[in-house]
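J.: I have a structure here, written as structure tokens, and I will follow up with some questions on it.
Residue numbers (our numbering): 809 to 1091.
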């Protein structure tokens, strides 16, 4: 049986990412709504109030449908990117506008999956890189939309990184455990220091868990570059948005997308960036 060329593996990864990206949109839209509805039900039970009888649709059970007219989408309506372009960003049935988020997430998933295989190889390490990339994309978009980093994604990602250390594709178990612990405690310490000094919460607990997961996947040596890179990009983006009057001072801004982007960049380019960094510090 012939072995695929590296370019063929990259193309296969892109197609896989494109297909999975359609499912990621479902997770991004449905998971936060269902979580918030479950929290509301729990609060109603604690307060002895009437409990809402229904929850929003789950991720898997209800087929894809238009969020405006609730019409079930056909096969031709669910082709990643191409359906959105063919329909000119509108629902086939009610002509309501469909968010550009759908094709953008699908394209991002394809690019990230292809880049993971191109940089890490068509092997176990590359497959793990694709899984981490798609999880980071999902978390980044959810946090950008809702300022939530769901435990149902961050915690399995953390445990996945720890289990990966048992295989040749990841860091050693000691490095994974140290990376997870240092990643969590570093942002946890910053959170409490900021809260003691200002009386305000500077970030959410989901950020601790996300950095812990990145530490488990890449080891403790990746944590400082990830924090520095995410903080730098976050500061630049924040100042830019304020200058363009797209964001008001004092309003919280999601930090998860910057952590996810920095972690993904270090996953693919950590060695060259580390080499460049050492060259800049050297004589």
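Every residue, glycine too, gets a C-beta built ideally from N, C-alpha and C.
1. Going by the beta-carbon positions, is the gap between residue 1068 and residue 1018 smaller than 8 Å?
2. Quick check: what's the CA-CA separation for residue 1045 versus residue 953?
3. What three-state label does DSSP hand residue 880 in the structure shown?
4. Under 8 Å Cβ to Cβ from residue 834, same chain only, skipping five residues before and after it: list those, please.
5. Please report the distance separating the alpha-carbon of residue 816 from that of residue 929.
6. What is the rounded straight-line gap between the Cα of residue 1097 and the Cα of residue 993?
7. Check this for me: beta carbons of residue 984 and residue 969, under 8 Å apart or not?
8. How about residue 1014 and residue 962: are their beta carbons less than 8 Å apart?
9. Where does residue 953 sit, in a helix, a strand or coil, going by DSSP?
10. Straight-line CA distance for residue 853 to residue 847?
11. For the candidate residues 957, 1005, 986, whose alpha-carbon lies nearest to that of residue 1031?
12. Where does residue 898 sit, in a helix, a strand or coil, going by DSSP?
13. Taking the straight line between their C-alpha atoms, what separation do you get for residue 824 and residue 855?
14. Between which residues of its own chain and residue 809 is the CB-CB distance below 8 Å, once the five residues before and five after are set aside?
15. Measuring alpha carbon to alpha carbon, tell me which of 1077, 905, 966 ends up nearest residue 1033.
16. Going by C-alpha distance, which of 965, 933, 1028, 898 is nearest residue 1102?
17. Give me the Cα-Cα distance between residue 822 and residue 1029, rounded to the nearest whole angstrom.
18. Please classify residue 877 as buried or exposed, where buried requires at least 16 other C-beta atoms within 10 Å of its C-beta.
19. Please list, in chain order, all residues of the same chain as residue 899 whose beta carbon is under 7 Å from its beta carbon, the five residues on each side excluded.
20. Over what stretch of residues does the alpha helix (DSSP H) that includes residue 1063 continue unbroken?
T.: Let's see:
1. A Cβ-Cβ contact shorter than 8 Å links residue 1068 with residue 1018.
2. A straight line joining the alpha-carbon of residue 1045 with that of residue 953 spans about 16 Å.
3. Here residue 880 sits in strand by DSSP.
4. Same-chain partners within the cutoff: 867, 872.
5. Going from the Cα of residue 816 to the Cα of residue 929 covers about 12 Å.
6. Missing from the structure shown is residue 1097; the chain here goes from 809 to 1091 and no further.
7. Inclusion of residue 984 and residue 969 in the CB contact set at 8 Å is warranted, their separation being smaller than that value.
8. With respect to the 8 Å criterion, residue 1014 and residue 962 are classified as neighbours on the basis of their beta carbons.
9. Residue 953 carries a helical assignment under DSSP once its states are collapsed to helix, strand and coil.
10. If I take the Cα positions, the gap works out to 10 Å.
11. Among 957, 1005, 986, the Cα nearest to that of residue 1031 belongs to 986.
12. Here DSSP, grouped into helix, strand and coil, assigns residue 898 to strand.
13. Cα to Cα, residue 824 sits roughly 46 Å from residue 855.
14. Here the model assigns residue 809 a pLDDT of 37, short of 50, so the residue's position is not dependable, and the following value carries that caveat. Nothing meets the Cβ criterion.
15. Distance from the Cα of residue 1033 is smallest, within the candidate group 1077, 905, 966, for 1077.
16. Nothing about residue 1102 can be read from this structure; the chain reaches only from 809 to 1091.
17. Each residue's alpha carbon lies about 29 Å from the other.
18. Burial call: exposed.
19. Setting aside the 5 residues that flank it on each side, residue 899 is surrounded in the same chain by 874, 876, 877, 906, each with a C-beta closer than 7 Å to its C-beta; the list follows chain order.
20. Neither: residue 1063 is in no alpha helix (DSSP H) and is coded neither H nor E.
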